[in-house]
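Right, one structure below, let's go through it.
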Amino acid sequence: MDYVIDCEKISKSYGNISALRDINLKLEKGSFLAIFGPNGAGKTTLLKILSHLIKPTSGTVKINGILLHDEDGEIRKNIGVVSHNSFLYNNLTSYENLEFYGKMYNIPDLKNRIAEVIDEVGLTARMHDPVRTFSRGMMQRLSIARVLMPDPSIIYLDEPYTGLDQHAAMKLRDILKNLKKGDRTIIMITHNIERGLEVCTHVAIQVMGRIAYFEKIENVDRDKFESKYFNTVGKEHY
């Protein structure tokens, strides 16, 4: 079977501290993995390795069958990352921000592409407003639009629900549901169990640098998952 993301025994150490320990992870095209876990579990470190931002201490990572350390930069162009940093310019408008990144990626028919992605995240009415006037939720949605500009086949989201009120969280949920349509492969880190289970096709619990639980969503009892989470974290973390 061909996997879009294929990790074999990924470990990452910083001196005597082990951030990741023998992570094995395989995802097919179109998968949406929600990773839950306490702070310090190594979730962001895993995303950085999968994004080719840092190298593992040991183990291998393949993206679309290509070893990350062998690739020439083409793979990274197909990966979009929504992190804690929005990478938006506050004094520019939504349109100007997306235009800037579109030119950076040499995106053809740029005007229409901007209109497409800004509509996808529901910000058409605010297209020409400065980003400094945006709420946290709107900033997050524009960050997703920025990531979507080059139409990546893989998207990583690091705690996208942080700081959002209920209304903004519901809008983000709808955007994420739309993102998973088609062939995109998505990994999302979140502490929000309810929201994560709403959109994912696979679920994982990461504790102390290990994937302690991994399952397809159809095999997960959603009513009992929170107890499963705390039992798993408790056994591994304390």
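Per our numbering, the very first residue in the sequence shown carries number 3; after that it's consecutive. Note that beta-carbon positions come from the ideal geometry of N, C-alpha and C, so glycine has one too.
Pairing Gly211 with His130, the inter-Cα distance amounts to about 43 Å. Shown here, Asp121 sits in a helix according to DSSP, grouped into three states. With a 10 Å radius around the Cβ and a threshold of 16 neighbouring Cβ atoms, Arg134 comes out exposed. In the three-state DSSP reduction, Ser53 falls in the coil class, being neither helix nor strand. The Cβ atoms of Asp8 and Lys64 sit closer than 8 Å to each other. Shortest Cα-Cα distance from Leu35 to any of Glu228, Gly198, Asp225 involves Gly198. Taking 3 residues as the shortest admissible run, the region 28–53 contains the following complete beta strand (DSSP E) segments, listed from N- to C-terminal end: 34–38.
Distances from the alpha-carbon of Gln208 to those of Asn41, Lys14, Ile19, Asn18 put Asn41 closest. When DSSP states are grouped into helix, strand and coil, Asn18 belongs to the coil group. About 22 Å separates the beta carbons of Asp160 and Val222, which is beyond the 8 Å limit, so they are not a contact pair. Remark: fewer than three beta-carbon pairs, one from each stretch, lie closer than 8 Å, so the region 91–104 and the region 171–178 are not flagged as touching. For Ala127, the closest alpha carbon among the candidates Leu144, Asn66, Glu10, Leu22 is that of Leu144. Shown here for Asn194: same chain residues with a beta carbon closer than 8 Å to its own, the five before and five after excluded, namely Tyr163, Ala171 in chain order.
Cβ contact annotation for Ser137 (same chain, cutoff 8 Å, sequence separation greater than five): Ala170, in chain order. Per the Cβ contact rule, the region 53–64 is not in contact with the region 101–118 (fewer than 3 Cβ pairs under 8 Å).
Going by C-alpha positions, Leu29 is about 8 Å away from Thr187.
One Cα belongs to Ile146, the other to Ser15, and the distance between them is close to 31 Å. Excluding five sequence positions before and after Ser20, the CB atoms of its chain that fall closer than 6 Å to its own CB belong to Gly211, given in chain order. At the C-beta level, Val119 and Met141 stay beyond 8 Å of one another.
The three-state reading of DSSP puts Arg78 in helix, counting H, G and I together. For Thr187, DSSP records a beta bridge to Ile156. Rounded to the nearest angstrom, the Cβ distance from Ile191 to His204 is 13 Å, too far for a contact under 8 Å. Secondary structure note for Ala171: its alpha helix (DSSP H) is the uninterrupted segment 168–181. Boundaries for Ile195: no beta strand (DSSP E) harbours it, while the alpha helix (DSSP H) harbouring it runs 195–201, taken from the DSSP string.
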